[in-house]
Structure formats: C-alpha cells, structure tokens
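Chains as they are written, first to last, in our numbering: chain A, 14 to 212; chain B, 14 to 212. All C-beta atoms, glycine included, are put in the ideal place defined by N, C-alpha and C. The structure presented is a predicted model; accordingly, all values stated were derived computationally and were not measured.
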DNA sequence: ATAATAAATATTTTATATTATATTTATTAT
DNA sequence: ATAATAAATATAATATAAAATATTTATTAT
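Next comes the structure, spelled out in structure tokens:
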C-alpha cells in the first residue's frame, strides 16, 4: 500500500497549483512547461503523464476558477434567512467582486481567460449552464415563498443571466471601475426583481 | 463662386465612403492610405489635408456607424401608436439586428471596432450617453401615459442599457447566433418591462 | 509494469533585416 | 494663397533566421 506516495490526482492538483500561480503572475504565454515542472520537482516530460498538453492545464485552471465562482453562489444559496430578492442581488455582486478582484490582483489571468474562451467554448457554456440552474433554484424558492411568480423558471434564469452579462463577464472588468459596476449591478437587479414581483 | 467644385465637407465624406468600403471589405489593417486616396482620385498625401491620420478616418467611420444606430432608434421614437413597452423592445431588437447584420455582412469591421473601442473610448462613451437619453425619452413617455412609474428616468435608462449590454455590444455578435440573441433579448426586455409596470 | 528522466524532434516565439506603409516636407499647379 | 502632388522620412508590418519551448521518444530507475 502506498502511504507516503502521492496519488495521481494529488500530483495533478500540485501541477495545477504551480501552473495557476505562474499563469496569474506571468501569464499563460510567458509560463513554460519547464518552469511548472521545476516548481513540482519533476521533469518537463513527466508533466505529460498527467496532462496531455499545456492547453489542458490552462483549461483546468479556468475550470477551477469557474468552480470557485459556482461554489461562492452555492454558499449564498445555503445561507438561511435571506430573501430570494437578496439572494439574487448577492450572487450578482459576489460574482462581480470575485471577477474584478481576480483580474486586478492577477492581470495576466486575462490572457488565460481570452485564450480559453476562444479554445474551449464548451467549458464556458457548461459554466453558464450551472449558473443558470443555480439562478433557477432561487427563482423556484421565490415561487414557493410567494415572493416571485415565475412560470418558466429555467427560461427566466437564462434571461436573468443575459441581463447581468455585464457583471458576469471578464471582458468588462478591464473597462469599468468596480464601484461603477456595483452600482449599475444593483440597479439592474432591482429592475429585474421588480419584474419578478407578484402583483 | 465655386459651383462645380466640391466643398471640403463633401471631400471628407467621399474619403469616408471609400475608407468605409475598404475597411468593411479588407479590414482596417489591410487598407492603405494610398488605396483610399486612389479611390478618391487623389494622392495619399492629400488625404492629410482632410484627416490628420488614419486613426481619425477610422474614428469617423465608427462614428458614422454609431450615428446610424442612433438614427434607427430615433425613427422608432418617432413612430406613432407604439406603446412605450413596444418601443423598448423595438430599439433593443433593432440594434441587435443592425449589429449582427453589420458584422455578418462585413466581418472585417470587427477589427475596426476593436481598434476604436481601445483607442477612442470617449466616442463609445458619447454613443452610450446618446442611447441613454433616447431610452430616457421612452421612459418619460411611459410615465406620462401611465404605463410606467419610473422616478429616476436617467438612472433607470442607464440600468436598462446595462441590462441589454449583451445585445448592444459588438463583442457578442461573433459568439452567438442572431436567433438565439433575439429570443434572449425579448425575454430580458420582457422582464425589465414588468419591472417598470405600475402596480 | 510504472514512473520518471534525458535526449530528440516539432512548434512556437523572439530577434532582426527587409519591405511596405503612414506621415511629413518640398515642390508644382491653379 | 490654396490645393494638390511627388519625393523624403518615420513608422509599422512582414519575412526570415535564430533561439526558446512544447511535445515525443528512447532510456533508466524503481
């Protein structure tokens, strides 16, 4: 039995940690496989036993980011004593803050995101699908509590996401100030929530 | 008196026509000042009597596009017998169709837009300001007719624009199908309109 | 057999020279 | 004087060679 040895998954995770650190500090293009390998005390060639290529490492990094963002939303969904309205506001502001923070702390990540957005649209689509189902949960909750009256929960969740694109998409983080985006986000969600209100 | 001569403005307009045609067909980068000049039967150097440089020509092209889009909205504002709700829907769909058409007919224009978005953010900001005031007019009309109850017309107009960013921004035209965007746009505006309804 | 490395090869990036183009200036025509 | 051009120059794009890096393969160790 291997006790002190690392499992394959643990090694992959170690590689991802090292890669993410470098991608965030120096960018995807300026990070070499040799450097990632060195950080893990292995040879460059050995990386290929765990990842088929550099793009897959990048994809996994992006995937981790997206999973993080999804987890933040799940935490908000788990919070008790939060109205559906406040949950919707919270998830939008949370994601906006997460994104803006990420890119102001680690500007080179923008390159990674642009790259993966182009190369792996499937990952982005999956992520949006997950977000949609999380929004749908909040809408369904709102229907139960009587706060909302949403016949098509999934369709409306999709529309909600579309309407909050500006606060949910890396593209705009570089162009606008966080404070301005936060204010706009609050007003947009306010409008949408009024639209959801039972009358 | 000059009767058969062109005025300076007419010449600028001729230059813009030629440039726009080439930018749309071959892209900003692949279009040379010499080519634009030849289309106008003049020397390359002479272009500089009318535009300080190539960037200014591009900026004027982008400006013309934005003015076109604004004009489309004004036509919709002028239409009689259209509810404020339908006006809002119409402007969003009109802009979306205009953008998508533009870029599917002339893909190289995307390069121009990216260039100007980066180099002349002031132009984009002005355009958005104009759009905001046009939306505000519709909201104010809605207040008058009793269809809406919007205390802060300008602020809400801004929020409306933010919420329809996905259908108003060149960036997304390449990523999504027109039909899908149209459906999403309709649903988003529907949500927003319900939010605006008097209750 | 599994895991890793080091060496070999294929790709990509970078640096550099060359060319093309943007812009300015000098010159000519009206 | 104004308008235009052609020639001159500055800048940017392109092609090419060199170097660096990604990926594969052969080899070694466990």
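- Rounded to the nearest angstrom, the gap between the Cα atoms of residue 50 of chain A and residue 56 of chain A is 6 angstroms.
- Using a 10 angstroms sphere on the CB of residue 162 of chain A, the tally of other CB atoms stays under 16, which defines it as exposed.
- Under the three-state reduction of DSSP, residue 123 of chain B is assigned to helix.
- Residue contact check for residue 178 of chain A against chain B: a CB pair falls below 8 angstroms.
- Using a 10 angstroms sphere on the CB of residue 42 of chain B, the tally of other CB atoms stays under 16, which defines it as exposed.
- When CB distances to chain A are screened at a threshold of 9 angstroms, the residues of the segment 179–192 of chain B falling below it are 179, 180, 182, 184, 185, 188, in chain order.
- A straight line joining the alpha-carbon of residue 73 of chain A with that of residue 146 of chain A spans about 22 angstroms.
- Counting of Cβ neighbours within 10 angstroms places residue 164 of chain B among the exposed residues, the total staying below 16.
- Taking residue 133 of chain B as the centre and dropping the five residues before and after it, the same chain places the C-beta of 72 closer than 6 angstroms to its C-beta, in chain order.
- Using a Cβ distance threshold of 8 angstroms, residue 186 of chain A and residue 140 of chain A do not count as a contacting pair.
- At a cut-off of 8 angstroms, the C-beta of residue 105 of chain B has no neighbouring C-beta in chain A.
- The residue from A:153, A:204, A:115 with its alpha-carbon nearest to that of residue 182 of chain A is A:115.
- Per the C-alpha coordinates, the member of A:30, A:156, A:201 positioned closest to residue 175 of chain A is A:201.
- Under the three-state reduction of DSSP output, residue 133 of chain A falls in the coil class, being neither helix nor strand.
- A:68 is the residue among A:68, A:21, A:20 whose C-alpha sits nearest the C-alpha of residue 32 of chain A.
- Within 10 angstroms of the beta-carbon of residue 93 of chain A lie fewer than 16 other beta-carbons, which makes it exposed.
- For residue 204 of chain B, the C-beta contacts it makes with chain A under 9 angstroms involve 169, 172, 173, 176, 204, 205, 208, 209, in order along the chain.
- Taking 8 angstroms as the CB threshold, residue 195 of chain A stays off the interface with chain B.
- With fewer than 16 other CB atoms across the displayed protein chains lying within 10 angstroms of its CB, residue 22 of chain B is exposed.
- Each residue's CA atom was taken as its position, placing residue 36 of chain B and residue 65 of chain B some 18 angstroms apart.
- Residues of the segment 141–171 of chain A with a C-beta less than 8 angstroms from any C-beta of chain B: 168, 169, 171, listed in chain order.
- Look at residue 76 of chain A here: in three-state DSSP terms it is helix.
- Proximity of residue 124 of chain A to chain B, defined by a Cβ-Cβ separation below 8 angstroms, is not satisfied.
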